[in-house]
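Trainee: Just so you know, we're using my numbering here: the sequence shown kicks off at 1 and counts up by one. The following block contains the structure, expressed as structure tokens.
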Amino acid sequence: MICRATTPPTLETGHNGYQLGLYDTNLSKSGAGIYVPDESVEAYKTGWASSLIGPNGIYTADHFIKPLSRLNVPAIDFKDSEVESILLSNYDVNNKGYLTVEDASNIQISSTIFRRNTDITSFNELKYFKATTYIDGYYGNNTSGTFYNCTSL
Numbered sequence: 001m002i003c004r005a006t007t008p009p010t011l012e013t014g015h016n017g018y019q020l021g022l023y024d025t026n027l028s029k030s031g032a033g034i035y036v037p038d039e040s041v042e043a044y045k046t047g048w049a050s051s052l053i054g055p056n057g058i059y060t061a062d063h064f065i066k067p068l069s070r071l072n073v074p075a076i077d078f079k080d081s082e083v084e085s086i087l088l089s090n091y092d093v094n095n096k097g098y099l100t101v102e103d104a105s106n107i108q109i110s111s112t113i114f115r116r117n118t119d120i121t122s123f124n125e126l127k128y129f130k131a132t133t134y135i136d137g138y139y140g141n142n143t144s145g146t147f148y149n150c151t152s153l
């Protein structure tokens with residue numbers, strides 16, 4: 001869905017207390033979302049934070065609100081919004097709100113940014129991070145592994 005208004009419209013409360021429900025689990029997998037003007041992304045995320053609900057209540061405005069400019073570039077659609085959030089906060093140096101395959105190919109992922117994160121459930125997009133040539137594995141009592149104690153992964 002594309003919403004070109006720079007100011008987020010007010011949503012009416014639905015029968016379940018949420019204004020806009022995105023219930024199809026395939027939405028998150030397909031990259032579907034609500035695309036808004038780039039300069040308004042934060043306003044939508046803030047304004048609609050309590051208005052959106054995804055499958056089983058696990059997706060938030062951060063997952064569904066995306067910049068319009070993302071429609072025109074090969075942005076990586078991360079299945080796991082926690083992984084996306086971590087990577088964007090560490091490697092989105094231009095504050096675009098997304099990473100492209102080209103961006104990812106030049107990123108050497110730090111061995112510490114994912115450790116002990118029990119919210120991460122998948123990271124199939126690791127294949128795009130070509131500059132990441134070494135992932136410190138977990139073995140024995142090694143607590144320095146890249147995905148150490150990521151028990152949901």
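All C-beta atoms, glycine included, are put in the ideal place defined by N, C-alpha and C. Just so we're clear, the structure is a prediction, and the values are computed from it rather than from any experiment.
Name the one or two DSSP bridge partners that Asp2 has.
Mentor: Checking the sequence shown, residue 2 turns out to be Ile, not Asp. In DSSP, Ile2 forms a bridge with Tyr35.
Trainee: Rounded to whole angstroms, what's the CA-CA distance from Asn26 to Phe78? Just pull it up for me.
Mentor: The predicted position of Asn26 is uncertain, since its pLDDT is 46 and thus under 50; a value taken from the coordinates is nonetheless stated next. Asn26 and Phe78 have their C-alpha atoms roughly 13 Å apart.
Trainee: Going by alpha carbons, who is nearest to Tyr44 out of Phe147, Ala5 and Ser69?
Mentor: Ala5
Trainee: Using the beta-carbon count (16 or more within 10 Å), is Gly66 buried or exposed?
Mentor: The residue asked about is misnamed: residue 66 is Lys in this sequence, not Gly. Label assigned to Lys66: buried.
Trainee: Looking only at C-alpha atoms, which of Glu42, Asn72, Arg70 and Ser122 sits nearest to Ala61?
Mentor: Glu42
Trainee: Just checking my contact of Ile86 with Glu125 at CB under 8 Å: how many whole Å lie between their CB atoms?
Mentor: Not quite, the Cβ-Cβ distance comes to about 12 Å (not below 8 Å), so this is no contact.
Trainee: Rounded to whole angstroms, what's the CA-CA distance from Asp154 to Glu84? Just pull it up for me.
Mentor: Nothing about residue 154 can be read from this structure; the chain reaches only from 1 to 153.
Trainee: Distance, Cα to Cα, Ile109 vs Lys96?
Mentor: 19 Å
Trainee: With DSSP collapsed to three states, give me the class of Ala131.
Mentor: coil
Trainee: So Ser105 and Ala131 are in contact, right, with Cβ under 8 Å, and what is the actual spacing, rounded?
Mentor: 7 Å
Trainee: If distances are taken between C-alpha atoms only, which option among His63, Ser81, Asn90 and Tyr98 comes closest to Pro74?
Mentor: Tyr98
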